[in-house]
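For reference, the structure is listed below as structure tokens.
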Amino acid sequence: EASSLTRKTQISKGVGTGGNGANIPYGSFQTLGDLWLDFDNDISFENYHRELDLEDAVVRISYTQNGVRFKREIFVSEPDQVMVVKLTADQPGKISFKGQLTRPEKFTTTASNEQLIMQGTLSDGKGGEGLQYMTRLTAVHKKGHIDYSDAGITVENADEVTLLLSASTDYLLDYPTYKGRDYKTITNANLIQSKQKSYNVLLDTHKKDYQNYYKRVSLNLTSQPDTIPTDVRLQNFKTNPSDPYLIEKLFQYGRYLLISSSRPGTLPANLQGIWTDKIQTPWNGDYHTNVNVQMNYWPAETTNLGEMHLPLFDLLASIQEPGAKTAQVHYNAKGWILHPVTNVWGYTSPGEDSSWGMHISGGAWLSTHIMEHYYFTLDKAFLEKTYPILKASAEFYIDWLIKDPETGELVSGPSSSPENTFLAPDGTRSQICMAPAHDQQVIWHLFKNYIDASTALNINDQFLTKIKAAQKELSQPKIGSDGRLMEWNEEFEEVEPGHRHISHLFALHPGYQIDVNKTPELAQAARQSLDFRIKNGGGHTGWSASWLINQYARLGDAELAKINLHKVISESLSPNLFGLHPPFQIDANFGSTAGIAEMLLQSQSDELSILPALPKDWAHGEVKGLAARGGFIVDIKWESGKLMDLKVMSKNGGICKLRYAGREMVLQTKSGMTYSPVKNGKIMDEISSSRN
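In our numbering, the protein residues as written are 1 to 692.
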């Protein structure tokens with residue numbers, strides 16, 4: 001009866017959040033379009049080579065056709081805000097082609113002032129006009145001839161051509177209008193300014209900007225050269241899962257993707273990052289808040305890309321007003337709330353079906369990212385700016401929680417454990433319950449974050465006292481009669497024992513309410529839950545297997561972490577390394593990169609754990625530049641599975657606790673100093689330091 005009432009009263013009346021939003025008000029992330037180059041040449045080619053160089057974020061293509069060696073270089077420059085395509089040949093006058101701009105719908109192309117312009121207006125889902133966009137294309141050439149017409153660009157007999165493409169929309173992350181960007185002026189200015197620069201200047205500017213982030217971290221597990229095409233490596237891995245070079249590349253590929261899809265001032269990376277070729281993307285290409293968008297940002301801090309985390313906080317800021325409206329109208333509560341899906345238009349209501357749409361803790365989970373950024377940076381200016389978001393989230397959950405009449409504990413509900421189903425006592429299938437473990441753990445973590453934030457900012461008021469008391473009264477993780485961590489407040493039977501979500505293990509990762517050293521019994525119960533899931537087919541999607549990497553790394557189980565990493569590689573990657581759900585979802589990429597980092601360094605328990613989950617076949621290796629909570633940057637080198645060299649750079653000073661192989665060390669650090677507590681396999685009694 002309660003489930004039936006929830007289905008009737010606690011859902012959205014709209015449609016489309018489930019994945020059909022392109023032509024309704026909810027909307028869908030969609031392709032901008034395509035740039036077509038037609039060389040009108042059917043002569044066979046040879047020696048074809050295509051690569052994406054992760055070191056400089058440049059695509060390079062080369063091939064020989066009719067005795068001529070052709071080359072292309074392609075990159076997108078964040079500083080200059082243009083895509084650059086350079087075409088060359090080893091013989092003069094050999095570059096001829098027609099260029100067109102198209103998209104599947106709602107576009108026109110015109111030629112003006114040596115530019116090909118594609119523009120249009122999307123539907124607002126209500127029969128009116130919505131987002132407006134513009135793409136401009138121009139060319140710089142050496143010799144030959146170029147003609148611009150409404151049909152496209154025609155290039156004849158050039159020695160060299162550089163295409164420049166700029167694009168923008170009128171979207172602004174500004175509730176409630178979300179419009180106002182001067183996209184026409186922006187695209188024109190970017191194109192004109194870039195056209196005045198040489199190709200080498202554009203390339204150099206792009207490389208310096210990109211490498212400023214990318215080169216902070218390096219990972220070396222092998223000295224073998226890169227001589228095997230990636231698609232062949234993936235195919236070989238399925239029969240012989242041993243390729244340390246592929247592990248390195250998958251790790252760095254995730255970092256490349258985050259740098260490329262989540263720069264400060266942009267929107268956060270969505271379910272497909274920024275990459276799509278469709279109008280209606282799977283699940284609208286939006287932000288799913290029951291693990292997916294959070295997983296996108298798991299590697300941001302640990303792999304030294306904290307700036308890429310910032311767009312997520314801009315989105316959170318924009319959600320405050322619509323989220324507060326939903327909290328007030330739907331729950332008569334203070335603060336703000338969102339549910340399992342949100343988008344760039346401020347959608348915060350539940351989904352259309354309570355079975356998945358009543359995920360209550362999405363706002364709390366997203367809010368925990370604020371303190372994750374602070375723990376790594378100790379940036380008080382950032383914390384002061386985002387503190388109101390954290391506080392308003394805590395305000396909602398204080399109003400939302402109620403006392404269990406039997407235990408007196410504070411519990412969340414009616415709610416669900418994301419997308420999972422259990423058998424109720426009367427034999428019916430249900431998702432809705434009181435006090436699902438996931439809610440309780442996430443809210444506990446939010447309250448801890450709020451307490452830590454208040455302490456950091458020297459805030460001590462009645463609301464903080466209320467939060468501290470409420471955290472102690474929360475229903476805590478429970479161990480079932482079978483030794484597993486309970487997912488629901490009662491020992492219900494799962495309908496799908498191998499369910500892809502492992503939401504009730506949030507407290508192990510990405511949370512840290514459960515810790516192998518501090519709460520060993522709960523950690524063992526979490527392990528049994530993980531083992532049970534896998535035994536029954538769990539981790540069968542890319543992002544789910546990626547989460548398992550992180551979970552087992554937190555448990556210190558290197559081999560099971562590695563097995564799930566191998567599962568992602570062998571079962572859930574496309575030939576270009578994009579993660580597959582299926583279909584394409586980028587969270588598996590980010591989750592895998594984060595998981596590899598967790599295997600090498602952890603810092604969630606007030607100490608830096610060195611090589612906490614190092615697999616046996618990663619016997620030799622070195623990682624440089626990983627970040628740890630407390631503002632530390634760490635370099636680690638190991639041989640034959642043993643730690644050889646350890647360097648710790650302290651950005652802010654303070655105490656740094658270290659743990660390796662059961663041994664603990666404490667460093668008293670100063671800002672800007674680098675410390676070497678382990679050298680040549682020896683733990684140093686007198687720790688050397690140097691000014692960074």
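Every residue, glycine too, gets a C-beta built ideally from N, C-alpha and C.
Shortest Cα-Cα distance from K647 to any of Y133, I683, S475 involves I683.
In the DSSP assignment, R233 falls within the unbroken alpha helix (DSSP H) covering 230-239.
For P677, the enclosing beta strand (DSSP E) has its first and last residue at 673-679. Burial of S417 is indicated by the presence of at least 16 other C-beta atoms within 10 angstroms of its C-beta. L116 places its beta carbon less than 8 angstroms from that of T109.
In the DSSP assignment, Y210 falls within the unbroken alpha helix (DSSP H) covering 199-214. Apart from the 5 residues on each side of it in sequence, G480 sits with its Cβ closer than 6 angstroms to the Cβ of M486, E491 in its chain, given in chain order. Separation of the CB atoms of R484 and A525 is rounded to 6 angstroms, and the pair is thereby assigned contact status at 8 angstroms. For the 8 angstroms CB-CB criterion, A453 and M371 form a contact.
Rounded to whole angstroms, K670 and N589 show a C-alpha spacing of 36 angstroms. The region 373-380 and the region 305-322 touch, with no fewer than 3 CB-CB distances between them shorter than 8 angstroms. Within the region 428-480, complete alpha helix (DSSP H) segments of at least 4 residues are found at 437-456, 462-473, given in chain order.
For the pair E598 and A553, the Cα-to-Cα distance works out to about 6 angstroms. Excluding residues up to 5 positions away in sequence, S609, P612 lie with their Cβ nearer than 6 angstroms to the Cβ of Q602 in the same chain. In the DSSP assignment, Y148 falls within the beta strand (DSSP E) that extends over 145-149. One Cα belongs to T302, the other to L172, and the distance between them is close to 30 angstroms. Secondary structure remark: continuous beta strand (DSSP E) runs of at least 3 residues inside the region 615-663, in chain order: 621-628, 632-639, 642-650, 654-660.
Residue environment for P497: exposed (fewer than 16 other C-beta atoms within 10 angstroms of its C-beta).
Check the Cα spacing between K208 and each of K535, D635, E78, F382: the tightest is with E78. Comparing alpha carbon positions, the residue from S318, K679, R527, C656 closest to Y347 is S318. Boundaries around D314 are those of the alpha helix (DSSP H), 310-331, since no beta strand (DSSP E) includes it. Within the same chain, and ignoring the five residues on either side of S96 in sequence, the residues whose Cβ sits closer than 8 angstroms to its Cβ are F39, D40, G144, V155, E156, N157, A158. Taking the Cα of S149 as reference, the smallest distance to any Cα among L137, L522, V634 is reached at L137. Sequence-distant partners of N449 (beyond 5 residues in either direction) whose C-beta falls short of 6 angstroms from its own C-beta, in its chain, are T368, M371. The region 88-95 makes contact with the region 158-169: 3 or more CB pairs, one atom from each, lie closer than 8 angstroms. Taking a contact as a CB-CB distance under 8 angstroms, the pair Y397 and I443 counts as one, their CB atoms being some 5 angstroms apart.
Between L366 and K334, the alpha-carbon positions lie close to 17 angstroms from each other.
Around the Cβ of D147, a 10 Å sphere holds fewer than 16 other Cβ atoms; the residue is exposed. If you look at L560, you'll find it in the alpha helix (DSSP H) that goes 558-571. Check the Cα spacing between I24 and each of K624, G125, S112: the tightest is with G125. Proximity to N517 across P350, Q604, I360, A381 peaks at Q604, based on C-alpha coordinates. Bridge pairing for S218: K624 [DSSP]. Excluding five sequence positions before and after L163, the CB atoms of its chain that fall closer than 6 angstroms to its own CB belong to V85, A139, given in chain order. Between F632 and M644, the beta carbon gap of about 19 angstroms keeps them out of contact (Cβ cut-off 8 angstroms). In the structure shown, the three-state DSSP call for Q551 is helix. The alpha-carbon of D557 is positioned some 35 angstroms away from that of L315.
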